[in-house]
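Residues in the sequence shown are numbered consecutively from -5, following our numbering.
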Amino acid sequence: MICSQPIFERTRVIENNQQLYLEKEDKLELFETRVVSPQETFPLHAIHDVSYRKSSSMYGMLYLHTHKGVRAYMVKEDPSPWMNELKAYL
């Protein structure tokens, strides 16, 4: 593995008439020939681009542009180092 980027999934649940948000952390991992997410694996030749947009003071969205469409991942920290590593292999 070359590097990994922490990603998050937020789920809204209702318990005892209260709305709660559950947060699950996972990783987006970059290897020499592929990117591995919790749900999918993409060979590098299937990735066209990667982009990032800050969406709030706490979260941003990392977008992986692939031959299967754009995949969005919620991140808390700046993914620029991970993106630069990926772009070096594209």
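Cβ atoms here follow ideal geometry from the backbone N, Cα and C, with glycine treated the same way. The structure displayed is predicted, hence computed values, not measured ones.
Cα-Cα separation between residue i and residue j, rounded to whole angstroms
i	j	result
Leu38	Glu3	24 Å
Lys21	Met55	14 Å
Tyr57	Val7	26 Å
Ile1	Glu9	25 Å
Met(-5)	Gln12	41 Å
Met52	Lys70	6 Å
Ala66	Glu23	14 Å
Cys(-3)	Asp72	14 Å
Residue i - partner residues in DSSP beta bridges
i	result
Gln12	Glu9
Lys48	Gly54
Phe2	Glu19 and Met68
Residue range of the unbroken beta strand (DSSP E) whose run includes residue i
i	result
Lys81	Here Lys81 belongs to no beta strand (DSSP E); instead the alpha helix (DSSP H) covers Ser74 to Tyr83.
As assigned by DSSP and simplified to three states, the class of residue i
i	result
His39	helix
His59	strand
Glu19	strand
Ile(-4)	coil
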